[in-house]
Every structure is written in structure tokens, then in C-alpha cells.
Amino acid sequence: MKKITRRELIKQLGASALASGLMGASNQAFAKNSAHIVIVGGGVGGAAAAKYMRLLNADVRITLIEPNPEYIFCPGSNEVVIGLDTLESLTVNYHTIKSRYAVTVIQDRATEIDYANKTLKLAHGDIIRYDKLIVSPGPDFKYDAVEGYSKSLAERDFPAAWHAGPQTNTLRDQISALPQGGTVLITSPVDPYRCPPAPYERASFIANKLKLTNPSAKIIILDSKDDFVFHDVYLDFWKKQHGMGTENARVEWISKKNGGHVTQIDTKRRTLTTANGEVHKGHVINIIPPEMAGSFTRMNGLTEGDWAPFNSLDFSTKRDKDVYIIGDSAAADPMPKTGYIASNQAKVVTKAIQSELTGQQIGTPFITNNCVAMASENWGMTVAETFRYAGNNRPYEERYTLSDPTSNPYQQSIRAEVAKNWQRTFRKDIFS
129 MKKITRRELI KQLGASALAS GLMGASNQAF AKNSAHIVIV GGGVGGAAAA
179 KYMRLLNADV RITLIEPNPE YIFCPGSNEV VIGLDTLESL TVNYHTIKSR
229 YAVTVIQDRA TEIDYANKTL KLAHGDIIRY DKLIVSPGPD FKYDAVEGYS
279 KSLAERDFPA AWHAGPQTNT LRDQISALPQ GGTVLITSPV DPYRCPPAPY
329 ERASFIANKL KLTNPSAKII ILDSKDDFVF HDVYLDFWKK QHGMGTENAR
379 VEWISKKNGG HVTQIDTKRR TLTTANGEVH KGHVINIIPP EMAGSFTRMN
429 GLTEGDWAPF NSLDFSTKRD KDVYIIGDSA AADPMPKTGY IASNQAKVVT
479 KAIQSELTGQ QIGTPFITNN CVAMASENWG MTVAETFRYA GNNRPYEERY
529 TLSDPTSNPY QQSIRAEVAK NWQRTFRKDI FS
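Those letters in the sequence shown? Residues 129 to 560, per our numbering, in order.
And the structure:
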């Protein structure tokens, strides 16, 4: 990798980076050695960590380890399911991360951390030495939480479509081929999971499509919860647009207490059985499994239970102070698992690393989450949350405000436009 000078970096990034206070320490602070920051995972959290680490410091070496040459954004993938968008438009590469931010991107899979020697082993055998290691691998699925379900089934006829990719297109094709009057079953998992409102957005989008192309079809949401974010807004939408609660309801939501928790799938009969013994038959079955920390996190002893705990001041792991965890694998309750949260956790971590390397005191973390969702192209909703460091390694203090149901079509449309613009600008922010 060609070493980029501070002067060259400032020219590339422009004065705005300085004006916003993102450029950090002087060259003198790093005269002894140039630290090596290694990042595992090139999703939103990892890419944001690479970008913002460079914005904070022109001298450190940054290496991003990611097995895939491209990344497909999950926000916006529900539009792909109903044919309003394509995976290609949600796909980005790492060219800008490499060329503009002087990050070395290695297309390989990280396998093992040697904590004593501060090295990272890759699948192809390379050993990478690090000074600081940021782990952002994303989540894995608990396929076996539903008896009879498996990863191989998800990759064939019963897609989860919860990592945007081939399964998204499989679900799209199944919805398009649904017979007249057919039934779509969608399961929603227990908390926490990636993008909390997304199962209900997906159900709404599918219902909107079927209203036009297959009006006698039905969507049944089988939920492992009794409540969810934007609950009141979605129920209001389903009642007004899809007859929820009537004999001709196009959308039915069954909560956990009413028998919605799915325990078993029969692939031959195409049925789902719930905890109370009820059996539901579907022409299309979309199982969204519960989640846990990614395999890299679990295999390297960073987890307690399903998730990886951390020191709340700087997101350093309980296992090692020079290894940090961000994104969906982190035990970050009450923070939801969203890309926006992951990107802001990356900012906290990179600022903490910068402070340590320059001998400064780590500041008090303050994290925001701006989450959007839609029920249709002109019916949107938003939530704004703040998470303040509470001290003494206690959970972050949360405050939030979210959209209420409204009968004002103008307000609904404005919220939908906010949601669309948010998706576009967020994608550009991370990978540009």
C-alpha cells in the first residue's frame, strides 16, 4: 500500500473534515511508531471504522479483513422482495475505502485471534499483527430454533432473506409465483435481531403488491413477541389498507401470547407448527430465525451467551482491552441492532483508540440512532434514539421518540420520503 501523507489526506478529504473536528493528532504524537489498526468484517460497522479511523488519524496503518469483494446493504432489500428495486443498486465495493482512505483491504476470512502475541490468523494462512483489533462480523442465525429448519433449507425453498443476497431474490420469485388466493407465512423472531421493524415492513410491502396482483391472497405474521417497534403504526396501516380484523383481512398478525411462536416446520406439507400446537400452511414460508453473535466472535471466546459483552466506555471486549466489538454481535442492549448504530459505535471506538494513542482521556460516549421504516411507498415512520454513557460499566441510558399513527396523508408521505432519503444518504456516508 502506498503510504499517504497528512498533507495528501487533507487535500483529498477537504477542509470540511478539519472543520468538523474529525482530524485528530499531530504527526509528532505518532513519531515513535505507526499503530496498526486491523478490522474484521467489511459491513457497515467495519467500513465505518476504517473510514473514521482514517479521518481521525493520517498516520496509522489500517487493514480491513473481509471475505467478499462487495457488500450488499440490507436497508432497502424489502423493496427488492416486491420488485421495486434490485440487489445491484444496493451493492457497493471497497474501492473508495482503499483509494481515498488508504486502507489495505484483504479479501480473506479471519479465523483466530492470538491474544498473547496480538496476531490474527486468516483462512489462507496469513498472520496479521495488530496493535488494535476491531471486530464487526455481523450476526449468525439460530436455524435450529425451529425444528426441521436449517441453513441449507434457507438457501433453497424456505429463504430467510435476512442477509441481502440470493435468498432475497428467491423470496421475490416465490411471491411473484404465489397462486391466486395463496398464503404467505412470515415468522418474526425474539429480540434482539437485526433491524427490528423489518419483518413488518416486509409483510406490508408484500401485502401491497398482492392487493394489486393477487387480492384474495393472505399474509400471516407468526410472531415470537407480543410487541414490536412501530406496533401501533403498522396495525393502523394493516387495518386501513388491508382489512385487518375483518373476515377478508389480507394481513393477520398473531402475537406470541396468541399462539404466534413457531417451533417446527414440515417442509413436505409446507406447514409451520406453533408452541400451542396450531398448524399453519403456506405456499410461501419466510422464516426469519433468531440470531446470535457471528461465528468468529464465538470461536474466539468473545461471547457470554449469545452476544459479546464489552466495556461501555470504549467498546473494548471483556476478553482483551485491545480488541473491540461493534455492530450486531455486541451485547449492546438497549441499543437496537441497526446499521446506523453500528456506524456510530465505530465512531466511539475509533475516537477511543485515537485518544489512547495520543495520551488523551477518553471522552464520554453519546450514541444516536435514527431508524426509518415504511409500510408503503407513501406511508413511512421514524424513530430517533439517544444512548448516553451511564458510567461504571452500566448499560447506556436510552431516550427515544417515534412516529405515532396519523390519518394525515401528507405527514405519512413526508415520513416515507424521509425514509427513502435516509437510505440513500446512509449508504453514501459509509462507502464514500
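By construction, the Cβ of each residue, glycine as well, lies at the ideal position given by its N, Cα and C atoms. Being a predicted model, the structure only gives us computed values, none of them experimental.
Straight-line CA distance for residue i to residue j?
i, j, result
"GLY171", "GLY467", "9 Å"
"ASP394", "LYS226", "47 Å"
"ILE190", "LYS465", "25 Å"
"SER280", "PRO418", "16 Å"
"ILE334", "GLY173", "29 Å"
"HIS252", "GLU240", "12 Å"
"VAL209", "ASN245", "46 Å"
"ILE167", "THR214", "29 Å"
"ILE382", "ALA230", "50 Å"
"HIS411", "ASP254", "47 Å"
"LYS249", "THR232", "16 Å"
"THR553", "SER264", "22 Å"
"ASN386", "LEU400", "15 Å"
"THR296", "ILE262", "29 Å"
"SER344", "VAL379", "11 Å"
"GLU406", "PHE286", "20 Å"
"GLU525", "PHE438", "16 Å"
"HIS370", "GLN551", "26 Å"
"ASP448", "ALA273", "31 Å"
"THR534", "PHE358", "12 Å"
"TYR271", "TYR277", "6 Å"
"GLN489", "THR219", "38 Å"
"SER205", "ASP301", "14 Å"
"ARG561", "SER423", "Any answer about residue 561 is impossible in this case: the structure gives the chain only from 129 up to 560."
"PRO203", "ASN549", "12 Å"
"THR521", "MET502", "Note that residue 521 corresponds to Asn in the displayed sequence, not to Thr. Computed Cα separation, rounded: 35 Å."
"ALA282", "ARG397", "16 Å"
Buried or exposed: which applies to residue i, given that a residue is buried once 16 or more other Cβ atoms fall within 10 Å of its Cβ?
i, result
"ARG543", "buried"
"ARG284", "exposed"
"ASP187", "buried"
"SER560", "exposed"
"LEU212", "exposed"
"ASP456", "buried"
"LEU299", "buried"
"ASP268", "buried"
"GLU375", "exposed"
"GLU207", "buried"
"GLN540", "buried"
"LYS139", "Summary for LYS139: the model assigns pLDDT 45, below 50, so the residue's position carries little reliability; its value from the coordinates is reported in the next sentence. LYS139 should be labelled exposed."
"ASP442", "buried"
"LEU306", "buried"
"ALA547", "buried"
"ALA403", "exposed"
"HIS294", "Rather than His, the amino acid found at residue 294 in this sequence is Pro. Its Cβ having fewer than 16 others within 10 Å, PRO294 is exposed."
"VAL341", "First, the residue type needs correcting, since residue 341 is Thr and not Val in the sequence shown. The residue in question, THR341, is exposed, as its Cβ has fewer than 16 Cβ neighbours within 10 Å."
"THR612", "As displayed, the chain neither begins before 129 nor continues past 560, which places residue 612 out of reach and without an answer."
"GLY149", "Confidence at GLY149 is low in this model, with a pLDDT of 35, below 50, so its placement is unreliable and no value can be given for it."
"PRO90", "The question about residue 90 has no answer, for the chain in this structure spans 129 to 560."
Report the residue from the options whose alpha carbon sits nearest the alpha carbon of residue i.
i, options, result
"ASP557", "ILE167, ALA178, SER162 and GLY276", "ALA178"
"ALA323", "PRO523, ALA282 and THR510", "It is worth fixing the name first, because residue 323 is Cys in this sequence and not Ala. With distances taken between Cα atoms, CYS323 lies closest to THR510."
"TYR222", "GLU198, ARG300, ALA331 and PRO267", "GLU198"
"HIS164", "LYS384, PHE515, HIS411 and LYS260", "LYS260"
"TYR362", "VAL233, GLN235 and ARG330", "ARG330"
"THR478", "ALA176, PRO287 and SER162", "ALA176"
"HIS291", "ALA460, ASN414 and GLU432", "ASN414"
"SER304", "GLU526, LYS337, ALA326 and THR492", "LYS337"
"MET372", "ALA480, SER332, THR492 and ILE234", "SER332"
"ALA458", "ILE481, LEU441 and ASP434", "ASP434"
"ILE193", "GLY169, LEU183 and PHE201", "GLY169"
"PRO462", "LEU430, ASP319 and GLY487", "ASP319"
"ALA326", "ALA288, GLY519 and ARG522", "ALA288"
"LYS409", "GLY422, SER423, GLN392 and ALA421", "GLN392"
"MET427", "GLY204, ALA238 and LEU218", "ALA238"
"ALA460", "GLU505, SER483, THR431 and ARG397", "THR431"
"TYR258", "ASP242, TYR271, LYS270 and GLY266", "ASP242"
"TYR517", "ASP532, GLY491 and GLY508", "GLY491"
"GLY429", "SER440, THR445 and ILE416", "THR445"
"ASP364", "GLY519, ASP532 and ASP236", "ASP532"
"GLU505", "SER471, PRO537 and ASN185", "PRO537"
"ALA470", "GLY487, TYR452 and GLN482", "TYR452"
Does residue i come within less than 8 Å of chain E when only Cβ atoms are used?
i, result
"LEU184", "Although the question refers to chain E, the structure presented lacks it and comprises just one protein chain."
Touching by the beta-carbon criterion (3+ pairs, under 8 Å), the stretch 295-314 and the stretch 346-363: Because the criterion of three Cβ pairs below 8 Å is met, the stretch 295-314 and the stretch 346-363 touch.
Complete alpha helix (DSSP H) runs within the stretch 324-355 (minimum length 4 residues, chain order): You should have 326-341.
Validate contact between the stretch 489-497 and the stretch 511-521 using beta carbons, cut 8 Å, 3 pairs: Yes, the stretch 489-497 is in contact with the stretch 511-521.
Completely contained beta strand (DSSP E) runs for the stretch 517-545, where each covers 3 or more residues: Whole beta strand (DSSP E) segments, 3+ residues: 525-530.
Beta strand (DSSP E) runs contained entirely in the stretch 185-271, provided each spans 3 or more residues: Along the length of the stretch 185-271, whole beta strand (DSSP E) runs at least 3 residues long occupy 189-193, 198-200, 219-221, 232-234, 238-242, 247-250, 255-257, 260-263 and 267-269, reported in chain order.
Beta strand (DSSP E) runs contained entirely in the stretch 401-430, provided each spans 3 or more residues: For the stretch 401-430, whole beta strand (DSSP E) runs of length 3 or above, ordered along the chain, are 407-409, 412-414 and 419-421.
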